[in-house]
Amino acid sequence: SQQGEEDPQALSIQEGENATMNCSYKTSINNLQWYRQNSGRGLVHLILIRSNEREKHSGRLRVTLDTSKKSSSLLITASRAADTASYFCATDSGGYQKVTFGTGTKLQVIP
Amino acid sequence: NAGVTQTPKFQVLKTGQSMTLQCAQDMNHEYMSWYRQDPGMGLRLIHYSVGAGITDQGEVPNGYNVSRSTTEDFPLRLLSAAPSQTSVYFCASSLTGGGDTEAFFGQGTRLTVV
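Protein sequences, first through last, are from chains D and F.
When we follow my numbering, the leftmost residue of the first sequence carries the number -8, and every step to the right adds one.
When we follow my numbering, the leftmost residue of the second sequence carries the number 674, and every step to the right adds one.
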């Protein structure tokens, strides 16, 4: 069963614009991670945010976490064509079976 | 440093055939797992292992077997392939399995069962 649900399902922007995608989840979490998947490739870890953190930055990535709303957002600033990929959130509710992935946001950055 | 290596990358099976998807990691991670990825479904956990000799079922284990004889290798066996097993399969490893450390994924195996 899906814990995290990304929104929107697909997003198309021009190069240089910012891209924002959201993840909502149903039950309390310990951690939340964002991954990127290029077409035909495996997932690559982007960033991890813990439940006691509200915001985290990594290069052009900014992740926020609102545990009261059970949601997280991933912002990619000054997007590049190379950012074209699918982005997944993975929520950790504790235990080995409790890391679940959402269905992803497909981002297209048009040069 | 190769990370997580999966073989083969592509495979076509006939219904009823069996095969083994190979997965190896060179990071000395205790935790390894297998996922399948289907359109609109995200990744679903098939089986996982918390160390050599220890395996357990995930969300969708039916039709699959695993074993973990070494820290490095975690093969996934399809016992009698069915069209419903057509999917992309990913192996992953991490230092811990609880989602508090990043997972490293292989490149995937695209399996078609006809």
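Backbone N, C-alpha and C fix where the C-beta goes; we use that ideal spot for every residue, glycine too.
Does residue i get closer than 8 Å to chain D when you measure Cβ to Cβ?
i      : result
G726/F : no
D746/F : no
D773/F : yes
F778/F : yes
F683/F : no
G781/F : yes
In this structure, does DSSP put residue i in helix, strand or coil?
i       : result
A1/D    : strand
S(-8)/D : No answer about S(-8)/D holds up, because its pLDDT of 49 lies below 50 and its placement is not dependable.
A72/D   : helix
Q758/F  : helix
V733/F  : coil
H702/F  : coil
L98/D   : strand
D773/F  : coil
G724/F  : strand
R41/D   : strand
R53/D   : strand
Q28/D   : strand
R741/F  : coil
V787/F  : coil
F747/F  : coil
Q679/F  : strand
T58/D   : coil
L752/F  : coil
Comparing the C-beta of residue i with each C-beta of chain F, is any distance below 8 Å?
i     : result
Q24/D : yes
N29/D : no
N21/D : yes
L98/D : no
L34/D : yes
T94/D : yes
If you follow the beta strand (DSSP E) that residue i is part of, which residue opens it and which one closes it?
i      : result
E46/D  : E46 to S49
A697/F : M692 to Q698
M714/F : No beta strand (DSSP E) contains M714/F, which DSSP labels as neither H nor E.
A10/D  : A10 to Y16
Q684/F : F683 to L686
I67/D  : S62 to I67
T111/D : No statement about residue 111/D is possible, as the shown extent of chain D runs from -8 to 102 and does not include it.
Checklist line | Within 7 Å of chain F by C-beta, residues of the segment 36 to 67 of chain D in sequence order | finding: H36 and L39
Next item on the list: Pair every Cβ in the segment 14 to 24 of chain D with every Cβ in the segment 52 to 64 of chain D, then say whether three or more of these pairs are closer than 8 Å.
Entry: yes
Next item on the list: Would you list, in chain order, the members of the segment 704 to 724 of chain F that have their beta-carbon closer than 7 Å to a beta-carbon of chain D?
Entry: G713, M714, G715, L716, L718, Y721 and V723
Check: How do the segment 3 to 16 of chain D and the segment 739 to 755 of chain F stand: do at least 3 beta-carbon pairs fall below 8 Å, yes or no?
Finding: no
Check: Do the segment 678 to 692 of chain F and the segment 703 to 713 of chain F touch if we need at least three Cβ pairs shorter than 8 Å?
Finding: no
Item checked: Sufficient close CB pairs (3 or more, under 8 Å) joining the segment 42 to 56 of chain D to the segment 67 to 81 of chain D -> yes
Next item on the list: Check whether the segment 776 to 787 of chain F touches the segment 32 to 47 of chain D, taking contact to mean three or more Cβ pairs, one atom from each stretch, closer than 8 Å.
Entry: yes
Margin query: Using a Cβ distance threshold of 8 Å, determine whether the segment 746 to 762 of chain F contacts the segment 706 to 715 of chain F, with at least three qualifying pairs required.
Written below: yes
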